[in-house]
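Please read the structure below before turning to the comments.
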Amino acid sequence: MMAAMPGDRDSAWWWAGLAAHRLMLQRCVQCGTLRWPPRAMCGVCGAFDTAEVQASGRGQVASWIVTQRAFLPHLKPPYVVLLVRLADQEDLLLPGGWDGPPDASGLRIGLEVRAGFTDADAGPDLTLLRWRPAGEERP
Amino acid sequence: MSLRDQAAIAGVGWAGYSKDSGVSTLTLALRAIRAALDDAGLDHAAVDGVATHGVGDSTPATVVAAALGLRDVRFIMDQVGGGGLSATAVGHAAMAVAVGQADAVVVWRALNARSEFRMGGTGRAAPALAEFQYQVPYGYLAPPQQFAMVARAYLDTGRVNEKVLGTVALTQRAYAERNPRAMMRVPITMEDYLASPWVAEPLRRLDCCLESDAAVALVVTSTARAAALRQPAVLVSGFATGAGMTLYNTGRTTLIPSPARDLAPRLYASAGIGPADVDIAELYDAFTFLVPLQLEDYGLVPAGEVGPFILDGGTGPGGRLPVNTHGGHLSEGYVHGLNHVAEAVTQLRGSAEDRQVPGAAVALVSSQPGYVGGATSALILRRAA
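Protein sequences appear in the order of chains C and P. For my numbering, add 701 to where a residue sits in the first sequence, where the first one is 1. For my numbering, add 791 to where a residue sits in the second sequence, where the first one is 1.
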């Protein structure tokens, strides 16, 4: 399952951006509304003309879970998954990993986080989002 | 033109429950449909419409129609989706009957959700929803995980806590003790609940619905025709459907309230009633926390009072608003919401025996309140005068 980069005809470019350690969004050229995940039309104004822009990489924890039983053979529990609300626009909610302890200590709803990227664990061709507290510097 | 009270549920049938039916979803569907037709006193040749839904885990409606021997099928609905659509299937059947497209529609949901296609992902590929590509790589794919994300946000409001969620589980088990059809009838305590292992924090195993093999079927026909049939007619008095919340940004910025909040005013308007008129509520309960959340979002209990309301027995036997009187998905079994419709019909007929709510005349039946699948829907059913 993890051998190939995920994605479809709408999203392949977005996954390629993530592989280059860039969190990308679409921006409607007509009305400026940001959108994610990628798709052809702006749901606000109806325009198809779209620009690809880089997100700020800043967000807030909207929620999180700690998975305590195995759902996929290669992922050993416990592990944390976040839902992050991007600072760029308040209705952009992205799942992502947590660059912190697997017991989720230190996590709370509203915590300011910053996007990081990981090429490890998930497979050779797959880069995933891994969020860390906004104040923490990492190499 | 309004849908209100134009169609009725004239028959109800079950096949199951078990952990391993040993038969196909086609056979389950046919058994439940046959039972529903027998309940209504109709021959299968009277059926001219079919309606179901699924997530790639059941037999297509057209295959069931052929197996029923139907040649002139005048209405076919086979919608892709899960728990948000059980009320939709009934509502669309009622609409087909109301406009004269069909005379007798069978509505069913048949699934081997334990022995063949588990919702947690084993036994089949994950549903081919585009948004899954953004979740599965993080190990985030099973319903308990997706709903745990919502539950965390709800608990964070401070309006409910684990004792409230535990009380939902205990209360529904108490109903199931009075329901011979229920899979889980052994009483549980708060200690049992709190000791129940985490599946995905903040949800424990006892927060999660059962996984079962079963089918439920209903017969929907015109109110006039239903009045001449064997059982007391239960009217489809109100119906509403609405968009849900997925990863696709649609202006929704928070997980709480649920999309059912937007649906509720239209639902009540369609039936010409208000929340105070509801006698019983059968609320979609794939997970415990969805019960208090929907009590709030359907305006059945003021938001700040839902915790004490549940802790004080307001939803239990003899409470002000009995909820999930069959035990729900937590203790009766899991038929993706259609068993909630069947229970409402049973209560409104007055035939729920040991668990009958005295004088139940109006029921609200909800489908999943709009997470993950992107749809929600609900019904108001009432006893014919």
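Each residue gets a CB set at the ideal place from its N, CA and C atoms; glycine is no exception. A quick note: this is a predicted structure, and the numbers were derived from the prediction, not measured.
Check                                                                                                                                   : Outcome
Neighbour flag for residue 747(P) against chain C, beta carbons, 8 angstroms                                                            : Residue numbering for chain P in the displayed model covers 792 to 1176; residue 747(P) lies beyond these limits and cannot be assessed.
Span of the beta strand (DSSP E), counted from its first residue to its last, around residue 903(P)                                     : 895-903
Beta-bridge partners of residue 726(C), as assigned by DSSP                                                                             : 754(C)
Validate contact between the stretch 862-869 of chain P and the stretch 808-821 of chain P using beta carbons, cut 8 angstroms, 3 pairs : no
Length of the line joining the Cα atoms of residue 903(P) and residue 828(P)                                                            : 22 angstroms
Nearest residue (CA-CA) to residue 1063(P), options 1044(P), 1091(P), 1030(P), 1046(P)                                                  : 1030(P)
Residue(s) in a DSSP beta bridge with residue 869(P)                                                                                    : 843(P)
Proximity winner among 725(C), 736(C), 737(C), 773(C), relative to residue 932(P) (alpha-carbon distances)                              : 773(C)
Cβ neighbour criterion (16 or more within 10 Å) applied to residue 768(C)                                                               : buried
Beta carbon proximity, residue 886(P) to chain C, threshold 8 angstroms                                                                 : no
Cutoff 8 angstroms: residue 947(P) Cβ touching any chain C Cβ                                                                           : yes
Chain P within 8 angstroms of residue 763(C), Cβ atoms only                                                                             : yes
Reduced DSSP secondary structure (H/G/I, E/B, other) of residue 1036(P)                                                                 : strand
Cβ pair residue 873(P), residue 1105(P) closer than 8 angstroms                                                                         : no
Where residue 892(P) falls: helix, strand or coil (DSSP)                                                                                : coil
Nearest residue (CA-CA) to residue 1026(P), options 1032(P), 1036(P), 1012(P)                                                           : 1012(P)
Residue-level contact to chain P via CB, residue 802(C), 8 angstroms cutoff                                                             : no
Spatial neighbours of residue 965(P) in its chain, beta-carbon cut-off 8 angstroms, leaving aside the 5 residues before and after       : 978, 1107, 1108
Counted within 10 angstroms of its Cβ, other Cβ atoms place residue 795(C) as buried (16 or more) or exposed                            : buried
Min CB distance residue 990(P) to chain C below 8 angstroms                                                                             : yes
Burial state of residue 1093(P) (16 or more Cβ within 10 Å)                                                                             : exposed
Residue span of the alpha helix (DSSP H) that contains residue 1198(P), given as start and end                                          : In the structure as shown, chain P begins at 792 and stops at 1176. Residue 1198(P) is therefore absent and cannot be evaluated.
CB contact below 8 angstroms: residue 767(C) versus chain P                                                                             : yes
Cβ of residue 1044(P) within 8 angstroms of any chain C Cβ                                                                              : yes
Segment contact flag, the stretch 992-1004 of chain P with the stretch 1140-1153 of chain P, C-beta cutoff 8 angstroms, min 3 pairs     : no
Residue 1091(P) - partner residues in DSSP beta bridges                                                                                 : Answer is none; residue 1091(P) lacks a bridge partner.
Residue-chain proximity (residue 926(P), chain C), Cβ-Cβ < 8 angstroms                                                                  : yes
Beta-carbon separation (whole angstroms), residue 1098(P) vs residue 951(P), contact threshold 8 angstroms                              : 5 angstroms
Cβ of residue 1038(P) within 8 angstroms of any chain C Cβ                                                                              : yes
Three-state secondary structure assigned by DSSP to residue 953(P)                                                                      : helix
Buried/exposed call for residue 830(C), threshold 16 Cβ in 10 Å                                                                         : buried
CB contact below 8 angstroms: residue 1087(P) versus chain C                                                                            : no
Helix, strand or coil at residue 939(P) according to DSSP, with G and I counted as helix                                                : helix
Cα-Cα separation between residue 1010(P) and residue 802(P), rounded to whole angstroms                                                 : 5 angstroms
Backbone CA spacing between residue 1091(P) and residue 1115(P) [nearest angstrom]                                                      : 14 angstroms
Nearest-angstrom beta carbon gap, residue 1049(P) and residue 1125(P) [assumed within contact, 8 angstroms]                             : Not quite, the Cβ-Cβ distance comes to about 20 angstroms (not below 8 angstroms), so this is no contact.
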